[in-house]
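Using this note's numbering, the first residue of the sequence shown is number 15, and each one after it goes up by one.
What follows is one structure encoded as structure tokens, with my remarks underneath.
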Amino acid sequence: SLGSKAWNINAGTTIEFLPKDKQLVSKLLPNQPNIAIIKNAAYELIGKHKQLKWQLTTKHSLLPQACLSKQQGQLGIGSVLKKH
């Protein structure tokens with residue numbers, strides 16, 4: 015029977031990644047080739063007219079650390095400040 019657990023195909027969908035190691039986390043960050051391939055495959059399967067939300071959930075320690083110097087890096091998408 016159809017009930018509250020039925021999937022509304024017209025509604026948006028959230029795709030959540032739960033990586034467990036640093037290498038996989040870095041491959042799933044925005045503007046990386048791997049995430050672009052995954053997104054293209056998802057849109058081919060679900061359709062570009064459906065709204066997809068992307069979520070990356072992982073441990074703080076697995077995220078890349080920000081380097082606040084003039085020579086390299088910047089604080090922004092895909093970086094976090096190291097805990098004291």
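Glycine included, C-beta positions come from ideal geometry on N, C-alpha and C.
Listed in chain order, the alpha helix (DSSP H) runs fully inside the segment 21-47 are 36-41, counting runs of at least 4 residues. Minimum Cα-Cα distance from Leu76 among the listed residues Ala56, Ser40, Gly26 and Gln46 corresponds to Ser40. If you draw a straight line from the Cα of Ala25 to the Cα of Asn45, it comes to about 26 Å. In the structure shown, Leu77 falls within a coil segment according to DSSP collapsed to helix, strand and coil. In the structure shown, the three-state DSSP call for Lys67 is strand.
The shortest C-alpha to C-alpha distance from Pro78 to any of Thr27, Asp35 and Phe31 is the one to Asp35.
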